[in-house]
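Written out below as structure tokens is the structure these notes cover.
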Amino acid sequence: MRKIITLVLIGFLTGCASTGKEVQTEAEGHEHKHGKFTQHLADSQLLVTEKGLFSVEMDIPDKRLKVGVNTVNLIVHENRDRDVHGAKITVTPWMPEMGHGVFSPLTVTEKGNGLYTVENIVLVMGGHWEFRIHIKWGDEEDSVVFDFPYVRTSEGYGYIRTKTPAGFNAVLGMKNPLRELEPEIINENGKTIKVFTLTVRDIGFELFPDAPMMGWGFNGTIPGPTLRMTEGDRIRIILKNDSSGEHTIHIHGQAKPVTMDGVPFLSQKPVKKGESYTYEFTANYLGTSWYHCHVDSAHHVDMGMYGAFIVEPKQEKLEYDREYIMILDEWPTKHVHVHEEDDEAAGHEKHGVMSVHQGSQPEHTHPGDRKENYYPKTYNPHNPVYDAFTINGRAFPLTEPVYVKKDEKIRIRFINAGYQPHFMHTHSHKFTVVTRDGAYVDEPQLRDTVMVGPGQRVDIILVADNPGIWPFHCHRLDHVANDHIYPGGMLTFIVYEDYDPEKAR
């Protein structure tokens with residue numbers, strides 16, 4: 038695995054005069070309030086800076102960015118197409134979802150006629166990259182951002198993001214999708230009750246760059262918000278349904294009345310769109326647990342309907358400095374769109390969607406069939422083929438790193454919301470397994486890999502005793518890929534905040 042260095046890259050590049058190079062004009066001009074800008078190369082991308090002071094035209098000689106060493110050409114003009122000579126340029130390759138860049142020395146050469154060549158741009162991983170460019174020319178300063186949604190590790194390419202897919206309300210750039218829901222505290226009949234309100238909605242989100250999905254989320258996020266309380270607390274959860282489906286909530290690890298268990302047609306009727314249901318019980322069993330929808334569970338949990346449920350002990354006997362929650366899951370992203378010629382004649386829309394196992398034949402359906410395998414979502418939940426593996430609803434490079442400082446004790450709560458076992462492994466660190474399914478283990482176990490089965494919860498404590506930047510991933514290695522492209526999937530990094538890779542060389 039390539040060594041990933043998560044440091045901010047700020048390459049301060051000062052242009053120096055060199056031999057001139059004639060630039061040919063190929064495209065029509067771009068009108069702007071500050072003047073007219075002209076595109077000079079046919080295959081380039083022209084952007085106007087934020088204040089409208091300059092145009093910046095980017096040309097990629099290899100026609101695509103790749104993981105490895107890259108070179109780009111920048112043509113910088115002032116309004117009305119005047120060449121910009123001797124500018125001071127700052128170029129920052131940046132991964133917005135990761136919140137960092139990668140250190141490497143860059144070089145720039147001014148070629149004349151406003152042309153600057155930027156070399157030795159080392160992109161060490163695939164994923165979503167931005168090139169943040171700042172220009173200082175005399176007393177004038179301005180900035181622009183070029184966006185490359187997915188630079189691949191193999192057969193790499195990068196391209197400019199032009200728009201978000203239609204109808205996709207993207208939840209993008211979230212540093213960590215997990216949020217903790219603060220309860221409303223009320224008093225009834227002399228009893229204190231913590232009230233959590235969960236609202237189900239149809240939402241869009243991104244598993245990894247260029248992998249948009251539609252799902253159902255509690256309070257607009259996948260996973261849903263973390264519910265945290267103390268053992269003995271009286272809990273009330275109000276479920277509101279603003280989505281297109283019918284839902285309930287089932288909570289693992291708590292003893293409660295049968296009407297509070299969330300099993301449709303046994304505990305309660307499913308909650309329809311526009312309806313609500315109230316769950317109330319006392320949180321008597323401590324530890325790490327989770328909640329999920331129990332209507333057509335395989336389908337609804339696959340659509341993202343789950344979240345962490347944490348019951349803290351009145352007196353914690355474990356010592357730790359920070360806590361992370363990792364909800365593990367798998368998703369299908371491949372779809373086959375099928376339709377019959379007769380469907381069009383019959384007035385049926387051609388948007389039936391289903392997943393097909395390799396070698397199998399799709400069944401042709403449309404809404405009029407009213408069959409269960411017709412579903413107007415991004416995948417067919419009745420025949421899923423999993424090719425994306427997530428931590429907290431995101432696959433690498435959108436996963437959140439585990440930030441630590443030397444000698445800290447880190448508690449990590451694993452929750453497996455998926456249907457496959459996952460084997461979580463740390464590089465160059467041992468950890469201690471301290472709880473399973475919310476219960477303290479009799480004899481803490483020292484490990485560097487732990488299996489978390491479907492529905493299970495495992496808590497570990499890791500001592501940050503080896504400064505560096507270390508991979509942390511599922512050791513079923515086909516789960517460390519996005520659509521079979523490595524690296525991706527169930528992968529993150531242990532990042533020491535006080536680690537300086539230059540001093541460690």
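Numbering (the numbering used here), first residue to last: 38 to 542. Quick reminder that beta carbons are idealized off the backbone N, C-alpha and C, glycines included.
Under the three-state DSSP convention, the category residue i falls into
i, result
"Asp515", "helix"
"Thr296", "helix"
"Ala345", "strand"
"Phe509", "strand"
"Ala476", "strand"
"Ile97", "coil"
"Asp239", "strand"
"Thr436", "coil"
"Gln305", "strand"
"Asp120", "strand"
"Ile259", "coil"
"Asp496", "strand"
Alpha-carbon to alpha-carbon, residue j and residue i
i, j, result
"Pro458", "Pro491", "6 Å"
"Gly526", "His462", "14 Å"
"Phe426", "Tyr456", "11 Å"
"Pro133", "Lys293", "43 Å"
"Glu534", "Phe509", "16 Å"
"Ile275", "Leu435", "31 Å"
"Pro524", "Asn503", "23 Å"
"Ile240", "Glu115", "42 Å"
"Arg273", "Lys310", "21 Å"
"Tyr153", "Arg101", "18 Å"
"Val470", "Gln482", "5 Å"
"Leu499", "Tyr440", "12 Å"
"Val495", "Thr86", "49 Å"
"Pro301", "Ile286", "9 Å"
"Ser465", "Asn224", "50 Å"
"Gly257", "Tyr343", "12 Å"
"Phe460", "Asn429", "16 Å"
"Gly341", "Arg119", "53 Å"
"Val182", "Glu167", "7 Å"
"Met488", "Ile452", "11 Å"
"Val532", "Lys103", "25 Å"
"Glu221", "Lys173", "51 Å"
"Phe433", "Gly123", "39 Å"
"Asp358", "Phe468", "14 Å"
"Leu303", "Asp537", "58 Å"
"Ile112", "Pro186", "22 Å"
Under 8 Å between C-beta atoms of residue i and residue j
i, j, result
"Arg450", "Glu353", "no"
"Phe530", "Pro438", "yes"
"Ile170", "Val121", "no"
"Thr478", "Thr472", "Note that residue 478 is Val in the sequence shown, not Thr. In contact: Val478 and Thr472 (Cβ atoms closer than 8 Å)."
"Leu215", "Pro260", "yes"
"Gly290", "Ser326", "yes"
"Glu266", "Lys228", "For the record, residue 266 in the displayed sequence is Met; it is not Glu. Cβ atoms of Met266 and Lys228: not closer than 8 Å."
"Val109", "Val155", "yes"
"Phe346", "Tyr328", "yes"
"Leu235", "Thr263", "no"
"Ala320", "Glu243", "no"
"Trp131", "Met250", "no"
Limits of the unbroken alpha helix (DSSP H) element including residue i
i, result
"His289", "Where His289 is concerned, there is no enclosing alpha helix (DSSP H), given that its DSSP letter is neither H nor E."
"Ser334", "334 to 339"
Bounding residues of the beta strand (DSSP E) (the contiguous stretch that carries residue i)
i, result
"Ser313", "313 to 319"
"Leu84", "82 to 85"
"Lys168", "Before going on, a small fix: residue 168 reads as Phe here, not Lys. 164 to 174 is the span of the beta strand (DSSP E), which, as asked, contains Phe168."
"Asp247", "That residue, Asp247, is in no beta strand (DSSP E); it is neither H nor E in DSSP."
"Arg265", "264 to 267"
"Val532", "528 to 533"
"Met461", "459 to 463"
"Pro186", "177 to 188"
"Ser326", "324 to 329"
"Glu147", "144 to 149"
"Ala425", "425 to 428"
"Tyr361", "359 to 368"
"Leu152", "152 to 160"
"Pro220", "Here Pro220 belongs to no beta strand (DSSP E), and DSSP marks it neither H nor E."
Buried versus exposed, by CB contacts within 10 Å (16 or more), residue i
i, result
"Ala501", "buried"
"Ser281", "exposed"
"Lys306", "exposed"
"Pro350", "exposed"
"Glu94", "buried"
"Tyr416", "Confidence is the limiting factor: at Tyr416 the pLDDT is only 46, short of 50, which leaves the residue's position unreliable, though a coordinate-based value still follows. Buried."
"Ser313", "exposed"
"Ala79", "exposed"
"Leu90", "buried"
"Leu528", "buried"
"Pro98", "exposed"
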